[in-house]
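The block underneath contains the structure these notes are about, expressed in structure tokens.
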Amino acid sequence: MVPIYISELAPPAVRGRLVGIYELGWQAGGLVGFWINYGLQETMAPSHKQWIIPFAVQLIPAGLLLLGAIWMRESFRWRFTKGQREQAMKDLCWIRNLPADHPYILEEVEAIDAQIEHDRLHVGPGFWKPFIALKQPDVLKRFFLGSMLFLWQNGSGINAINYYSPTVFSSLGVTGTNTSFLTTGIFGVVKTVLTFVWLFFLIDRLGRTKLLMFGALGGSLCMWYIAAYIKITDPTKNKNTSGDLSSGGISAIFFFYLWTVRNCLYFLIPETKGIPLERMDELFEIKPVFKAHKVMIGRLKEHELEHQDLTMRQEKEAVDERTEVV
Numbered sequence: 008m009v010p011i012y013i014s015e016l017a018p019p020a021v022r023g024r025l026v027g028i029y030e031l032g033w034q035a036g037g038l039v040g041f042w043i044n045y046g047l048q049e050t051m052a053p054s055h056k057q058w059i060i061p062f063a064v065q066l067i068p069a070g071l072l073l074l075g076a077i078w079m080r081e082s083f084r085w086r087f088t089k090g091q092r093e094q095a096m097k098d099l100c101w102i103r104n105l106p107a108d109h110p111y112i113l114e115e116v117e118a119i120d121a122q123i124e125h126d127r128l129h130v131g132p133g134f135w136k137p138f139i140a141l142k143q144p145d146v147l148k149r150f151f152l153g154s155m156l157f158l159w160q161n162g163s164g165i166n167a168i169n170y171y172s173p174t175v176f177s178s179l180g181v182t183g184t185n186t187s188f189l190t191t192g193i194f195g196v197v198k199t200v201l202t203f204v205w206l207f208f209l210i211d212r213l214g215r216t217k218l219l220m221f222g223a224l225g226g227s228l229c230m231w232y233i234a235a236y237i238k239i240t241d242p243t244k245n246k247n248t249s250g251d252l253s254s255g256g257i258s259a260i261f262f263f264y265l266w267t268v269r270n271c272l273y274f275l276i277p278e279t280k281g282i283p284l285e286r287m288d289e290l291f292e293i294k295p296v297f298k299a300h301k302v303m304i305g306r307l308k309e310h311e312l313e314h315q316d317l318t319m320r321q322e323k324e325a326v327d328e329r330t331e332v333v
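The numbering of the sequence shown is this note's numbering, which starts it at 8 and goes up by one.
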């Protein structure tokens with residue numbers, strides 16, 4: 008729910024960076040967890056406390072989230088869809104720290120109203136209507152792309168490494184319980200540092216799809232490295248007679264898997280950097296996909312210029328009317 012909530016509240020210009028803070032918190036929590044496990048392994052004798060303490064530490068951020076949620080404002084987009092317009096305007100003005108008659112607020116409300124009307128005509132109200140809307144080819148395509156992105160990202164094996172990293176590193180030749188926990192902690196440090204780089208220097212500069220492609224390319228190269236490492240370290244010392252795939256074979260499979268995903272991203276997923284949520288339907292309708300972002304940015308700039316011209320004409324007419332009265 009957190010990424011959805013942030014996406015609905017964030018302005019398009021900083022939406023990627025704000026959602027990235029959620030990922031940063033995720034990585035920081037994992038880093039703390041890795042080193043807590045290592046510290047307990049190093050300083051505490053084996054007992055049931057070794058697993059109770061890591062679980063108890065998780066109550067701290069959970070408690071902070073529970074307390075902080077008391078003061079959180081509801082998503083103004085959700086309130087608009089439910090007809091709670093007055094409260095939605097208050098929440099929007101509070102979040103943007105702007106008055107209700109500010110041009111930015113008026114333009115955003117206009118876009119939200121247009122999207123709500125579009126959804127009412129093409130989807131309809133009710134719980135089951137979004138599922139029925141999957142019959143529409145454009146909606147089905149976006150649902151499929153979102154589902155596949157989630158599947159490909161998790162299928163890359165990162166969660167397996169996160170949860171079972173000591174076992175994974177042991178299978179790669181890292182011996183000793185303490186050494187495997189230490190290696191896991193270093194792995195967490197590398198992930199967190201790279202998340203900082205991604206969040207503050209890359210996400211809003213390079214965009215989403217390029218980073219996804221670079222990530223898939225980097226993941227596939229890592230699989231090549233693992234396969235080569237296992238090959239060089241004399242696999243005959245651990246013969247595989249069961250007929251199962253060796254670690255090198257699994258790495259080779261994931262290399263081609265991640266390489267294929269990288270190419271699919273270029274041709275199937277449009278860049279969304281700087282695009283308002285209310286214009287996503289229009290973005291996904293532009294073909295070819297790899298040019299959609301550039302075309303959409305051009306349309307947004309054109310719309311902004313038209314809006315500025317309209318505002319200037321209205322101000323000029325108002326000045327002329329006051330002059331005639333005088």
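Beta carbons are placed, not taken as given, at the ideal position from N, Cα and C, and that holds for glycine.
Within the continuous alpha helix (DSSP H) that includes residue i, where are the two ends?
{"i": "I60", "result": "K56 to V64"}
{"i": "L219", "result": "R215 to I239"}
{"i": "Q91", "result": "No alpha helix (DSSP H) holds Q91; DSSP gives it neither H nor E."}
{"i": "F151", "result": "P144 to G162"}
{"i": "W33", "result": "R22 to T50"}
{"i": "P19", "result": "Careful: P19 lies outside any alpha helix (DSSP H) and carries neither H nor E."}
{"i": "L209", "result": "From DSSP, L209 is part of no alpha helix (DSSP H); its letter is neither H nor E."}
Would you report the Cα separation of residue i and residue j, rounded to the nearest angstrom?
{"i": "G90", "j": "G27", "result": "30 Å"}
{"i": "D274", "j": "M220", "result": "Residue 274 is actually Phe in this sequence, not Asp. Taking the straight line from one Cα to the other gives about 11 Å."}
{"i": "I233", "j": "G222", "result": "16 Å"}
{"i": "E115", "j": "P68", "result": "33 Å"}
{"i": "N104", "j": "R127", "result": "29 Å"}
{"i": "L156", "j": "F150", "result": "10 Å"}
{"i": "R24", "j": "Q57", "result": "36 Å"}
{"i": "T88", "j": "T50", "result": "54 Å"}
{"i": "H300", "j": "E313", "result": "20 Å"}
{"i": "V200", "j": "I210", "result": "14 Å"}
{"i": "L141", "j": "F134", "result": "13 Å"}
{"i": "P132", "j": "H109", "result": "30 Å"}
{"i": "R92", "j": "L74", "result": "27 Å"}
{"i": "P106", "j": "S172", "result": "51 Å"}
{"i": "L71", "j": "V9", "result": "14 Å"}
{"i": "E124", "j": "F208", "result": "37 Å"}
{"i": "K136", "j": "I293", "result": "25 Å"}
Apart from the five residues on each side of it in sequence, which residues of its chain come closer than 7 Å, Cβ to Cβ, to residue i?
{"i": "R22", "result": "S14"}
{"i": "N44", "result": "P61 and F188"}
{"i": "D316", "result": "none"}
{"i": "S82", "result": "Y12, E15 and L16"}
{"i": "C100", "result": "P106, A107 and I112"}
So, are the CB atoms of residue i and residue j less than 8 Å apart?
{"i": "K198", "j": "Q94", "result": "no"}
{"i": "R215", "j": "K280", "result": "yes"}
{"i": "L47", "j": "I102", "result": "no"}
{"i": "A20", "j": "E285", "result": "no"}
{"i": "L38", "j": "F203", "result": "no"}
{"i": "P295", "j": "A118", "result": "no"}
{"i": "G336", "j": "F41", "result": "Outside the shown range of the chain (8 to 333) lies residue 336, about which nothing can therefore be said."}
In chain order, what residues of the same chain lie with their CB nearer than 6 Å to the CB of residue i, ignoring the 5 residues before and after it?
{"i": "M287", "result": "none"}
{"i": "D251", "result": "Note on D251: pLDDT 49, under 50, position unreliable in the model; no value is reported."}
{"i": "L290", "result": "P277, I282, A299 and M303"}
{"i": "L113", "result": "none"}
Nearest to residue i by alpha carbon, out of the options?
{"i": "M230", "options": "V200, I168 and S154", "result": "I168"}
{"i": "W146", "options": "H314, H129 and G226", "result": "For the sequence presented, residue 146 should be read as Val rather than Trp. Comparing Cα-Cα distances from V146 to each of H314, H129 and G226, the minimum goes to H129."}
{"i": "Q160", "options": "I11, E313 and L218", "result": "L218"}
{"i": "G195", "options": "L213, I165 and L224", "result": "I165"}
{"i": "R84", "options": "I59, K97, W205 and P137", "result": "K97"}
Excluding the five sequence neighbours on either side, which residues of its own chain have a C-beta within less than 8 Å of the C-beta of residue i, listed in chain order?
{"i": "Y111", "result": "R103 and L105"}
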